[in-house]
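Protein sequence lines correspond, in order, to chains A and B.
Numbering-wise, the first sequence is residues 0 to 389 according to numbering that gives the first Met the number 0.
Numbering-wise, the second sequence is residues 0 to 389 according to numbering that gives the first Met the number 0.
Even for Gly, the Cβ is constructed at its ideal location relative to N, Cα and C.
Given the structure is predicted, the values throughout are model-derived calculations rather than measurements.
Following: one structure in structure tokens, then a few remarks.
Number of protein chains: 2
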Amino acid sequence: MADKANVARRMAAIQPFYVMALLARARELESEGRDIVHMEIGEPDFETPAPITAAGIEALRQGHTQYTPARGLLALRQAISVFYKTEHNVVVDPERIIITPGSSGALQLLMSTLINPGDQLLMADPGYPCNRNFVRLVEGEPFSIPVAAETGYQLTHSHLQQYWSSRSRAVLVASPSNPTGTLIASDEMAQMAQFVQQRGGHLLVDEIYHGLVYGTRAETALAISDELFVINSFSKYFGMTGWRLGWLVAPLVYVPALERVAQNIFLSASTPAQYAALAAFLPETRLILEERRCIFQQRRDYLLPALRQLGFDIPVTPEGAFYLYANCSRFSDDSEEFCRRLLEEAGVAVTPGKDFGHQDPSRHLRFAYTTSLERLRLGVARIEQFLTTL
Amino acid sequence: MADKANVARRMAAIQPFYVMALLARARELESEGRDIVHMEIGEPDFETPAPITAAGIEALRQGHTQYTPARGLLALRQAISVFYKTEHNVVVDPERIIITPGSSGALQLLMSTLINPGDQLLMADPGYPCNRNFVRLVEGEPFSIPVAAETGYQLTHSHLQQYWSSRSRAVLVASPSNPTGTLIASDEMAQMAQFVQQRGGHLLVDEIYHGLVYGTRAETALAISDELFVINSFSKYFGMTGWRLGWLVAPLVYVPALERVAQNIFLSASTPAQYAALAAFLPETRLILEERRCIFQQRRDYLLPALRQLGFDIPVTPEGAFYLYANCSRFSDDSEEFCRRLLEEAGVAVTPGKDFGHQDPSRHLRFAYTTSLERLRLGVARIEQFLTTL
């Protein structure tokens with residue numbers, strides 16, 4: 000008992016993220032004086048936009064340090080509603096919006112409210128690794144569906160026809176996706192929404208990378224149906240990672256149950272963060288965010304052909320987020336070892352496929368373009384040199 | 000489907016808190032011009048102490064807006080470790096400390112990491128209502144043990160001998176307790192710790208009201224054993240409710256599993272809040288907190304005899320937190336209706352027993368002294384008048 004942890008059975012399935020160990024090793028090397036190009040980190044390299052931070056500071060000056068209602072500040076829910084109208088021309092009743100501690104909080108609310116023990120949640124593999132574990136915590140079953148380049152690494156209506164069973168309870172999709180950066184077309188989303196609804200299930204749509212889309216426009220799934228759930232976040236596009244703030248849009252009839260869970264597990268989201276986020280929709284903030292989006296696009300437009308030229312296979316052009324998911328089998332069938340050596344020998348940190356699922360992870364890598372163009376160029380040069388040593 | 004929510008089975012057991020509806024009604028009456036004395040709110044009526052807020056503002060100015068490690072800032076974990084040494088003369092390795100989004104986050108980590116489906120978590124009734132629901136979310140079973148004045152409304156070693164079974168996995172106690180404000184004596188805690196450890200179970204100790212103790216000193220359970228888990232918070236004593244920040248102290252061997260869950264469900268606690276909390280242990284902050292503690296004590300010292308004199312039965316003198324749990328059966332056997340009328344007719348909001356468990360709730364009320372002495376006097380005068388109308 001004293002020397003061995005007596006943990007719940009589900010913990011056996013909840014593995015540490017390899018990227019954390021990799022990041023720790025990268026920091027260790029840096030502390031020894033090595034220069035490391037970070038292409039492993041899933042966080043924008045920008046501080047929170049100044050108007051948002053200023054609003055946070057002002058909120059603290061005014062003493063806004065007590066709990067808000069569990070669903071969040073009405074003013075913020077209204078601002079999000081206006082955002083959907085002006086940005087997407089979709090009417091979303093503020094009563095359907097719940098403010099959460101990051102999109103992580105939204106996912107927890109959904110799993111707790113919707114998933115019974117043994118219920119299956121269908122999701123794409125590769126995908127965001129925490130999703131599987133959110134389901135496990137409520138004793139549901141993550142059901143991973145292998146996806147490939149043919150469908151843009153996304154679930155489709157056909158996948159649902161093939162894999163939906165009596166044990167299926169919900170489908171979780173992400174558009175844009177982590178780690179592949181790909182989108183789901185509106186007509187495909189509409190077909191999936193209809194399919195799931197006809198079976199009395201739930202469609203959960205992760206739109207947390209929604210503002211970071213390049214060369215096209217992403218439509219919110221809320222334009223398609225009022226019966227689906229949308230998860231969003233102030234972290235990525237709005238640059239507020241460390242504040243821990245996101246939101247959830249739910250069909251109105253589910254709001255009371257979601258609110259009850261929120262009252263129990265959060266009480267409320269961070270109050271200073273909520274006041275700060277009121278400034279996220281200001282024109283001056285949006286200008287900054289649009290500049291940043293263009294910078295991310297420039298990085299993608301550099302990195303994608305550069306990696307392809309080196310021999311990494313990226314069959315689908317990622318249109319969003321800040322990730323490239325590459326097949327490295329020309330160089331290695333052991334992406335974890337490849338990443339280890341790339342870090343140790345060349346000073347470049349990237350994430351191996353194993354963090355994203357069980358679909359051929361040993362032949363895949365995720366490159367994040369969350370560092371400057373200059374650093375990306377240096378990274379690519381180092382990788383090129385490294386590949387000649389293999 | 001469209002007009003009825005299709006939620007998970009566990010939601011049937013997760014009830015809304017009556018106090019939320021009561022608070023909403025109180026706000027409604029206020030918006031109509033009524034003056035309401037609030038004795039229902041479980042949140043200090045003080046803003047965050049100025050040095051903490053100033054540290055938060057400074058952190059934002061310096062751009063500390065990105066994720067921290069999942070376990071939290073090392074500097075904050077070290078500051079908490081020093082606090083245990085100077086305040087309690089207990090050595091707590093910073094490696095055993097995990098920073099969480101409120102103590103709610105700490106409870107979630109514990110349930111997810113320790114409790115299997117069907118496992119029982121033993122707890123006192125009356126108690127903090129969310130505790131039951133944290134267990135339900137991971138499909139464990141909250142096992143409520145009725146406690147009474149004889150044991151200071153706390154679990155004892157004898158209770159554990161009586162109720163521990165092969166299905167028991169852990170015991171959760173709170174000292175001071177919500178709603179009763181009572182403490183657990185060190186020798187009783189030590190006996191419970193030994194009992195649970197001998198059976199391979201876990202003792203979880205909620206110390207979130209720990210700094211708010213009057214006329215005595217509360218020892219941390221960490222002085223008793225390294226094998227138990229302690230939950231604490233910056234919310235109540237440190238006055239940081241809306242920032243959502245707490246911490247967990249665990250046996251070292253459990254830290255990797257807890258960290259894995261934290262990586263999945265939080266990523267990290269709020270970064271600005273963590274930097275702000277570094278100022279919570281400064282001498283100038285502690286002076287403010289000590290002043291506030293004295294104010295709470297004055298309120299208790301006024302309210303306790305005043306309510307007893309009116310005829311409410313409060314058999315055990317509460318030594319901590321900011322709650323009085325009173326038997327109202329001299330006036331009513333329907334505390335919910337009593338609360339409703341007290342609010343509507345006398346303009347005083349208090350919480351009925353039903354929010355705290357199943358142990359004779361209809362004959363109990365919780366009074367919170369989270370408002371000024373002047374307002375408490377007004378509240379008592381109104382209650383006195385109201386009682387004459389019954």
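- Judged by their CB atoms, VAL6/A and ALA256/B are nearer to each other than the 9 angstroms cut-off.
- In terms of Cα proximity to ILE183/B, the closest of ALA192/B, ALA173/B, ASN177/B is ALA173/B.
- Residues of the region 55–66 of chain B with a C-beta less than 9 angstroms from any C-beta of chain A: GLY55, ILE56, LEU59, ARG60, GLY62, HIS63, THR64, GLN65, TYR66, listed in chain order.
- ARG76/B is outside the set of residues whose beta carbon lies under 9 angstroms from a beta carbon in chain A.
- Fewer than three beta-carbon pairs drawn from the region 284–296 of chain B and the region 90–109 of chain B are found closer than 8 angstroms, and the two stretches are therefore not classed as touching.
- Beta-bridge partners of PHE142/A (DSSP): LEU121/A.
- SER232/A sits in a strand when the DSSP states are folded into three classes.
- For ASP205/B, the beta-bridge partners assigned by DSSP are ALA173/B, ILE230/B.
- The criterion of a C-beta distance shorter than 9 angstroms is satisfied by PHE321/A and ALA367/A.
- Collapsing the DSSP output to three states places SER80/B in a helix.
- For the set ASN177/B, ILE13/B, GLU218/B, THR47/B, the Cα lying nearest the Cα of LEU244/B is the one of THR47/B.
- Counting along the chain, TYR301/B sits inside the alpha helix (DSSP H) bounded by residues 282–309.
- Contact between ALA261/A and ILE97/A holds: their C-beta atoms lie close to 6 angstroms from each other, under 8 angstroms.
- Shortest Cα-Cα distance from ARG166/B to any of VAL252/B, HIS201/B, ILE56/B, THR369/B involves HIS201/B.
- If you keep only unbroken beta strand (DSSP E) runs of at least 3 residues inside the region 345–381 of chain B, you get 363–367.
- Not a single CB atom of chain B sits nearer than 9 angstroms to the CB of ALA123/A.
- Under the 10 Å beta carbon count, ASP205/A is surrounded by 16 or more other beta carbons and is classified as buried.
- DSSP lists ASN326/A as the beta-bridge partner residues of ASP312/A.
- At least one beta carbon of chain A lies nearer than 9 angstroms to the beta carbon of ILE264/B.
- Distance from the Cα of GLY104/B is smallest, within the candidate group ARG381/A, GLU318/A, TYR274/A, LEU266/A, for LEU266/A.
- With a 10 Å radius around the Cβ and a threshold of 16 neighbouring Cβ atoms, GLY41/A comes out buried.
- For LYS235/A, the closest C-alpha among the options ASP225/A, THR350/A, TRP246/A, LEU227/A is that of TRP246/A.
- Neighbours of ILE207/B across chain A, judged by C-beta separation under 8 angstroms, do not exist; the nearest C-beta is about 12 angstroms away.
- Ranked by Cα distance from LEU303/A, the first of TYR213/A, PRO282/A, PHE233/A is TYR213/A.
- With respect to chain A, the C-beta atom of THR370/B has no partner C-beta closer than 9 angstroms.
- Listed by position along chain A, the residues whose Cβ is nearer than 9 angstroms to that of SER103/B are ASN263, ILE264, PHE265, LEU266.
- Residue burial annotation: ASP124/B is buried, with at least 16 other C-beta atoms found within 10 angstroms of its C-beta.
- Among the bridge pairs identified by DSSP, HIS37/A is matched with ALA348/A.
- A distance below 6 angstroms between beta-carbons, with the five flanking residues on each side excluded, links GLY238/B to the following residues of its chain, in chain order: PRO43, PHE45, THR47, PRO48.
- Beta-bridge partners of SER167/A (DSSP): GLN119/A.
- From the beta-carbon of THR350/A, no residue of chain B is found nearer than 9 angstroms; the closest lies around 14 angstroms away.
- Exclusion of the five residues before and after GLN107/B leaves PHE133, ILE264 as the residues of its chain whose Cβ lies within less than 7 angstroms of its Cβ.
- Between the alpha carbons of ARG340/A and GLY319/A lies a gap of roughly 29 angstroms.
- In its chain, beyond the 5 residues on either side, ARG329 have a beta carbon closer than 6 angstroms to the beta carbon of GLY310/A.
- Under a criterion of Cβ atoms nearer than 7 angstroms, no residue of chain B is adjacent to TRP163/A; the nearest Cβ is some 16 angstroms distant.
- CA-CA distance, ASP332/A to PRO317/A, rounds to 23 angstroms.
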